[in-house]
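Right, one structure below, let's go through it.
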Amino acid sequence: MNLTEQLAAFASNTTFSTLPTNVIEECKRDMLDSIGCALAAKGQSKADKGIACGVSIGGTDGPATIIGTGQRSSMFGAAFANGEMISTLDADSVLVPGHVSPYVLPGAFAVSEALHRSGRDLIAAVAAGLEVTCRLGVAKRLGIVDSGFIFTPLLGYFGATAAAGRAYGLSPDEMLNAFGIVYSYVAGNHQVTRDASLMKRIQVGQSAQAGVVAVQMAKRGIRGAQNVFEGIDGFFRVYLQNRIDAQVVRQDLGSRFELMNLSYKPYPCCRANHSPVDAALKARAQS
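Counting in the numbering used here, the sequence shown runs from 990 upward without gaps.
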């Protein structure tokens, strides 16, 4: 199997019963942290704009909840709004080189709620999405400055698809097509950060939404690209200049979980700022 097929099979076949206890607990922790991030963002102008965009995309009469607002929308609209909300304060979990949860969880939440999935199915979906993204992230050997891409949304399209697809109950072949479909959506540039644009957050909502769209298209029989990552014009060459170790993505897939290395932020800012914040607080306490 090529790598796309391997990841598709992993995401499709992940079940609650196959997950180690510590992985289940980590997924619960990440969900709780992400919901807290969304609730903390409620009332912030940035979050409100994201919610308004989500509702304009998905309407107000849908099966999925926008966290903490009492509003409902389509799966697409809720995934977009919740992704942007979780990302608003820059307080959500990370695994170098980027954030992981604000695109994985919204799709898993929206699809699971709309289709009345069990809590165990939700956890399996979250685990699949987190792990796919984490493995791609740790395998990457290209820096954000060299690439010009923000890896949070860029890798997030695949994590969002894995999570939404697992919640939807896609077969391995359908998941493969969903990965191929979402590859046509992949985007996320670093210029938005340099220019202090709200698109830094909106890009996350876009990846969460695209995962749900790709899954529904695959479920309806649309065929996507098949060799998404390692193909001649695959993601690794086109976006990462082939500076990635595919073996790191493959190794012990399903038996060892990179998501266990997620980091939870003590401060709502870029992780690179946390050490200076700690140093300043320590200096202040000693003065």
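Where a beta carbon is used, it is the ideal one built from N, C-alpha and C, also for glycine. Predicted model, so just to flag it, every value in this text is computed and none were measured.
- Put simply, the backbone Cα of G1145 is about 16 Å away from that of A1067.
- When the five nearest sequence neighbours on each side are left out, the beta carbons in the same chain lying within less than 6 Å of the beta carbon of R1124 are those of V1238 and E1247, in order along the chain.
- Secondary structure remark: continuous beta strand (DSSP E) runs of at least 3 residues inside the region 1109 to 1194: none found.
- In the same chain as I1211, and ignoring 5 residues on each side of it, the C-beta atoms closer than 8 Å to its own belong to N1166 and I1170, in chain order.
- When C-beta atoms of the region 1013 to 1032 are compared with those of the region 1133 to 1147, fewer than three pairs fall below 8 Å, so the two segments do not count as touching.
- Going by beta carbons, G1118 and G1148 fall inside the 7 Å limit.
- Note: G1087 is bridge-paired with L1084 in the DSSP secondary-structure output.
- By the C-beta density criterion, V1134 is exposed, having fewer than 16 other C-beta atoms within 10 angstroms.
- For R1018, the enclosing alpha helix (DSSP H) begins and ends at T1010 to A1030.
- Between the region 1148 to 1164 and the region 1089 to 1105, the count of C-beta pairs closer than 8 Å reaches three or more; the two stretches touch.
- Cβ contact annotation for S1082 (same chain, cutoff 8 Å, sequence separation greater than five): D1019, D1022, S1023, H1088, V1089, S1090, L1251, S1252, Y1253 and K1254, in chain order.
- Apart from sequence neighbours up to five positions away, the residues of its chain that approach A997 with a beta-carbon distance below 7 Å are P1161, M1164, L1165 and F1168, ordered along the chain.
- By the Cβ rule, the region 1039 to 1049 counts as touching the region 1058 to 1075, because three or more pairs are nearer than 8 Å.
- Below 8 Å, too few C-beta pairs join the region 1046 to 1055 and the region 1004 to 1019 to call them touching: fewer than three.
- By alpha-carbon distance to S1244, the top candidate from T1004, G1220 and S1264 is T1004.
- Using a Cβ distance threshold of 7 Å, Y1092 and A1197 count as a contacting pair.
- Listed in chain order, the non-local C-beta contacts of V1181 below 6 Å within the same chain comprise M1188 and K1189, local neighbours out to five positions each way being set aside.
- The alpha carbon of N1011 has as its nearest neighbour, out of S1136, V1175 and A1116, the alpha carbon of A1116.
- Between the alpha carbons of S1107 and S1186 lies a distance of about 38 Å.
- T993 is a Cβ neighbour of V1217, given a cutoff of 7 Å.
- Assignment of S1276 by DSSP, reduced to helix, strand and coil, places it in the coil class.
- By the Cβ neighbour-count rule, R1130 is exposed, with fewer than 16 other Cβ atoms within 10 Å of its own.
- Under a 10 Å Cβ-count criterion, I1075 is classified as buried, with 16 or more other Cβ atoms of the shown protein chains found around its own Cβ.
- By the neighbour-count criterion, in which a residue is buried when 16 or more other Cβ atoms sit within 10 angstroms of its Cβ, T1058 is buried.
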